[in-house]
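Just below is one structure, and these are the notes that go with it.
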């Protein structure tokens, strides 16, 4: 029993000791919290009421007699403009290495995007031979741009196989001669002596060298760079896609001007002659033979110098004889006689009289009637040549109205109703009309049909947030179709 009591008393003592330690910990925690609050309050300012006047009191720690020395904060590198030096790479700066600036961004927007405004889809068609020349120029320009940007010499030996693979057609120097006549600022042609590595003969030979004249063609890029800056000026002389598109558009304009000149000659030879501003022509004259336009004149390309090669003593003697003109008087007389005989043998060219079959057919017809008919034909041709695309679209829409009126009448008769849903009618018209017309265009055609027909024949009632189509079956369809055909004839 005594042992049990002793063990119980020891346990009680241990519990009491633990409780005392716990109380001490709580007291230490409270003191730490109070110290933290006091330090926070000492750094803040609060208001103390003294009497009726509030006062601002700041609780701060007492000032020390001597302050510890502090280092000044370093100035920001962005303040004194040294940010570029810090952000620049650590490699040494090279001589003549200016910062790259895009020349296109320095231009205003109306100059950068001028080609998008001017270059629309052309309505005037070119002859087949002119279109082939434009395609050849495009392929030549593409191949030349690759060599030019790599700073390689562009010879005919390199250019010909690449262009032929691209065009899938034969390529000759005649095409280059035509381009040189039509667009002389596009390329510079010259004959240069090139080495022939890998061949059995060690002789150098002359080749035709083609150099794109980029500085003349890229007129939209302003020359703001310094002429002494060789590297930057060299970087700007590159054939980018913008330069190539400008060159192609310029060549197309030149070809179109050639056709317009031939078209103007044709109009002047008509009876009566027609005077039209070439810029207002949107179609060629119906009787103008477009494919009969003359070929582009060829400008002679540079030829290699004539280096005479003598293979025998006879060639040397004949050259020396021609050089010193050692012919005898008898030989000179024979040469003059042979030249005279050649001139006498040439037959004189007799121009055949032009036979006009129209004059024989119109024999007996009054001249005033013929002139009126020709004047009417000239006015009709003038209207067709200067017609705008919007007028063509309007004429096409009016030509569709008679057939559209028949389709609408058949739909209402088939459904045995006087009012139908507009979407239902549009779906029926899309499935039964002779050509594919978009839904919005079909809706515009219905609006035009309601405008040109009598007021009560076709209406568009709007009920319960839905559009309907109503037709008046009492109106005579034949009279309506006659009116629509007359309107379409007026618009032609």
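In the numbering used here, the protein residues as written are 45 to 536. For every residue, glycine included, the Cβ atom is placed at its ideal position computed from N, Cα and C.
Indicate whether at least one CB of chain D lies closer than 8 Å to the CB of residue i.
i: residue 534; result: Protein chains in the displayed structure number just one, and chain D is not present.
For residue i, does the three-state DSSP call read helix, strand or coil?
i: residue 254; result: strand
i: residue 513; result: strand
i: residue 506; result: strand
i: residue 492; result: helix
i: residue 339; result: coil
i: residue 170; result: coil
i: residue 520; result: coil
i: residue 536; result: coil
i: residue 410; result: coil
i: residue 80; result: helix
i: residue 344; result: coil
i: residue 329; result: coil
i: residue 228; result: coil
i: residue 498; result: coil
i: residue 349; result: coil
i: residue 527; result: helix
i: residue 373; result: helix
i: residue 322; result: helix
i: residue 89; result: The predicted model places residue 89 with a pLDDT of 47, which falls under 50 and marks its position as unreliable; any figure quoted below should be read in that light. Looking at residue 89 - three-state DSSP - the assignment turns out to be strand.
i: residue 53; result: helix
Could you check if residue i belongs to the surroundings of the ligand PLP, using beta carbon to heavy atom distance under 7 Å?
i: residue 457; result: The ligand content of the structure shown is nil, which means the ligand PLP is not present either.
Which residue or residues does DSSP assign as beta-bridge partners of residue i?
i: residue 359; result: Its beta-bridge partners do not exist; DSSP assigns none.
i: residue 233; result: 254
i: residue 249; result: 238
i: residue 60; result: Answer is none; residue 60 lacks a bridge partner.
i: residue 334; result: Bridge partners of residue 334: none, in fact.
i: residue 464; result: 513
How would you label residue i, buried or exposed, when you count the other beta carbons within 10 angstroms and need 16 or more for buried?
i: residue 524; result: buried
i: residue 256; result: buried
i: residue 449; result: buried
i: residue 360; result: exposed
i: residue 463; result: exposed
i: residue 227; result: buried
i: residue 222; result: buried
i: residue 231; result: buried
i: residue 291; result: buried
i: residue 197; result: exposed
i: residue 61; result: exposed
i: residue 533; result: exposed
i: residue 174; result: buried
i: residue 490; result: buried
i: residue 425; result: buried
i: residue 63; result: exposed
i: residue 507; result: exposed
i: residue 59; result: exposed
i: residue 56; result: exposed
For residue i and residue j, which I take to be in contact (beta-carbon distance under 8 Å), what is that distance rounded to the nearest angstrom?
i: residue 419; j: residue 317; result: That pair is no contact at about 12 Å.
i: residue 438; j: residue 535; result: 6 Å
i: residue 496; j: residue 445; result: 6 Å
i: residue 515; j: residue 414; result: Wrong, their Cβ atoms sit about 49 Å apart, outside the cutoff.
i: residue 177; j: residue 340; result: 6 Å
i: residue 486; j: residue 320; result: 36 Å between Cβ atoms; not a contact.
i: residue 531; j: residue 442; result: 6 Å
i: residue 517; j: residue 456; result: 7 Å
i: residue 283; j: residue 181; result: Between residue 181 and residue 283 the Cβ distance is about 13 Å, and since that is not below 8 Å, they are no contact.
i: residue 200; j: residue 251; result: 6 Å
i: residue 433; j: residue 334; result: About 19 Å separates the two Cβ atoms, so there is no contact after all.
i: residue 300; j: residue 470; result: Actually they do not touch by this definition, with Cβ atoms about 41 Å apart.
i: residue 387; j: residue 217; result: So it is not a contact: roughly 34 Å between Cβ atoms.
i: residue 510; j: residue 436; result: Going by Cβ atoms, the distance from residue 510 to residue 436 rounds to 35 Å, so no, they are not a contact pair.
i: residue 236; j: residue 253; result: 5 Å
i: residue 322; j: residue 308; result: 6 Å
i: residue 513; j: residue 504; result: 6 Å
i: residue 475; j: residue 343; result: Contact doesn't hold; Cβ gap of about 59 Å is too wide.
Within the stretch 174 to 216, ranges of the alpha helix (DSSP H) (whole runs, at least 4 residues): 200 to 211
Within the stretch 280 to 319, note down every full alpha helix (DSSP H) run reaching 4 residues or more, in order along the chain. 285 to 312
Please give me, in chain order, every unbroken run of the alpha helix (DSSP H) with length at least 4 that falls completely inside the stretch 424 to 491. 433 to 459, 466 to 476
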